[in-house]
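Engineer: Residue numbers for the sequence shown follow the working numbering, so the first one is 1 and each next one is one higher.
One structure is given below, represented as structure tokens, and several questions about it will come after.
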Amino acid sequence: MEARSLTLVCKGGASVTARTATLVGASPVLCEALDKPLARAGELGLEEDDAETWGTALRLLEPEAQAEAALLSWDNIEPVLKLADKYDMAAVRGLCAGFLGANQADVSLDHELTSPRNSLYAATLLERYCSQPPLVPIVAPTQAAIAVCFRASTPAEANKIVRKLRELTGNSAYQDAIGVAAQARVTKALVQDLVPVVCHSCNRVVGLWGTADTSGTMPGAAAVGAGAAVAAVVYTVGKEIGERIAAHVNEDKQRRERFARELTAELCERFPDYDVIATCVSHSMEGSYVHQHAECYYLSGCSQGYEVYLIRHGDWAKFTRHGDGGWINWAMCGSRFNRSDNVVEWR
């Protein structure tokens with residue numbers, strides 16, 4: 001290791017010059033190799049490696065000395081990562097991870113399967129070459145961008161993602177090109193996260209399994225997003241009120257009127273950041289909300305189902321009643337809504 005610089009003789013006889021101290025400091029693998037006598041003075045044989053890839057890696061380590069080498073880009077990020085992994089060059093690995101994070105906006109499912117810009121392939125590169133604990137905060141932005149590609153807020157969005165995932169998984173290179181963890185994420189998205197949830201009471205698609213409470217405690221499985229816990233409480237409260245009214249009220253019309261009013265009032269008290277509306281007649285609902293189902297029991301033992309919606313303060317939603325009004329058919333509670341006859345809107 002006496003020479004101040006070395007010529008790296010690469011594939012096809014191509015070469016690149018590097019400072020010995022840079023190589024020793026960057027790679028424990030090369031440090032060990034350079035402790036041994038060289039076959040030819042001043043030269044290190046790396047015949048399996050690509051000289052241009054080495055040039056880019058060295059430019060990351062010593063920009064001024066390698067000013068003519070190619071900059072790190074989407075075109076060479078993969079071979080540079082492989083080189084960093086082969087020679088355990090932590091600094092190069094970290095800079096590559098930083099590049100992925102800085103360019104996370106370019107990552108999507110729309111690129112070719114084996115492009116580093118493809119979400120699945122980017123996830124694979126992180127899985128294979130950037131899984132070291134010190135890199136966790138560096139790769140976090142890229143991981144977050146990749147995760148977004150598997151999320152949908154509506155069944156229509158989910159269908160679009162599912163079509164793209166099916167196209168990618170049908171690629172003959174998929175099994176070998178995509179890492180195990182990335183494949184597991186795809187499988188979960190296809191069989192769980194992006195599967196529509198249908199409320200068994202109103203037969204409407206009310207969410208996706210990936211954003212729903214699937215614990216089995218909610219018969220309607222109708223929770224959306226972070227509102228899963230809220231919807232679970234709605235179901236429990238509705239059941240308690242229904243049973244309490246059934247035990248003390250002996251007239252069906254009064255049961256329904258009390259049920260709707262007491263349910264919305266109690267839910268507003270429990271969730272002060274939400275307005276609540278409940279109805280048992282034909283209606284439509286738009287916007288952002290948590291949806292659940294509740295039952296009011298008749299004297300005969302049958303029941304009347306109510307659709308219950310909770311709208312977080314600050315979110316937009318619009319409820320339109322198509323059926324008859326009156327307290328037995330609908331009730332609302334809150335402070336953020338504007339009502340015009342059969343239309344209630346939140347902003």
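Ideal Cβ placement from N, Cα and C applies to all residues, glycine included.
Could you give the distance in angstroms between the alpha-carbon of L194 and the alpha-carbon of A181?
Structural biologist: Distance between the alpha carbons of L194 and A181 is about 18 angstroms.
Engineer: Once the 5 residues before and after A122 are set aside, which same chain residues still bring their CB inside 7 angstroms of it?
Structural biologist: Correct list, in chain order: L100, V107, P116, T142 and I146.
Engineer: With a Cβ-Cβ cutoff of 8 angstroms, do H322 and S284 count as a contact?
Structural biologist: Closer than 8 angstroms, so yes.
Engineer: Got a sec, what are the start and stop residues for the alpha helix (DSSP H) D85 sits in?
Structural biologist: Start and end: I77 to K86.
Engineer: For the beta strand (DSSP E) that W54 lies in, which residues bound it at each end?
Structural biologist: No beta strand (DSSP E) holds W54; the alpha helix (DSSP H) holding it covers A51 to L61.
Engineer: Can you check whether the CB of V24 is closer than 8 angstroms to the CB of T56?
Structural biologist: No; because the gap between Cβ atoms is not below 8 angstroms, this pair is not in contact.
Engineer: Determine the direct distance from the alpha carbon of E262 to that of D252, and round the result to whole angstroms.
Structural biologist: Each residue's alpha carbon lies about 15 angstroms from the other.
Engineer: Using the C-alpha atoms, what's the distance from V344 back to C296?
Structural biologist: Roughly 23 angstroms separates the two Cα atoms.
Engineer: Would you check if the distance between the CB atom of L267 and the CB atom of V290 is smaller than 8 angstroms?
Structural biologist: Going by C-beta atoms, L267 is not nearer than 8 angstroms to V290.
Engineer: Compare the beta carbon distance of D50 and K86 with 8 angstroms and say whether it is the shorter of the two.
Structural biologist: Their beta carbons are not under 8 angstroms apart, which means D50 does not touch K86 by this criterion.
Engineer: Below 8 angstroms CB to CB, which residues in the same chain sit around L125 once its five sequence neighbours on both sides are set aside?
Structural biologist: Correct list, in chain order: I77, E78, L81, L100 and P116.
Engineer: Per DSSP, what are the beta-bridge partners of Q292 in this structure?
Structural biologist: Paired residue(s): V308.
Engineer: Take the Cβ of T17 as the centre, count every other Cβ of all protein chains shown within 10 Å, and call the residue buried at 16 or more, exposed below.
Structural biologist: T17 is exposed by the Cβ-count criterion.
Engineer: For S119 and L109, I'd like the C-alpha separation in whole angstroms.
Structural biologist: When rounded, the distance between both Cα atoms is 5 angstroms.
Engineer: Is K36 helix, strand or coil by DSSP?
Structural biologist: Looking at K36 - three-state DSSP - the assignment turns out to be coil, as it is neither helix nor strand.
Engineer: Where does E167 fall in DSSP's three states?
Structural biologist: It is helical.
Engineer: Closer than 7 angstroms by C-beta to A69: which residues in its own chain qualify, once you throw out the five before and the five after it? Chain order, please.
Structural biologist: Once the five neighbours on either side are set aside, the close Cβ partners of A69 are G55, T56, L58 and R59.
Engineer: Please report the straight-line C-alpha distance between V9 and A41, rounded to a whole angstrom.
Structural biologist: Spanning the two alpha carbons is a distance of roughly 12 angstroms.
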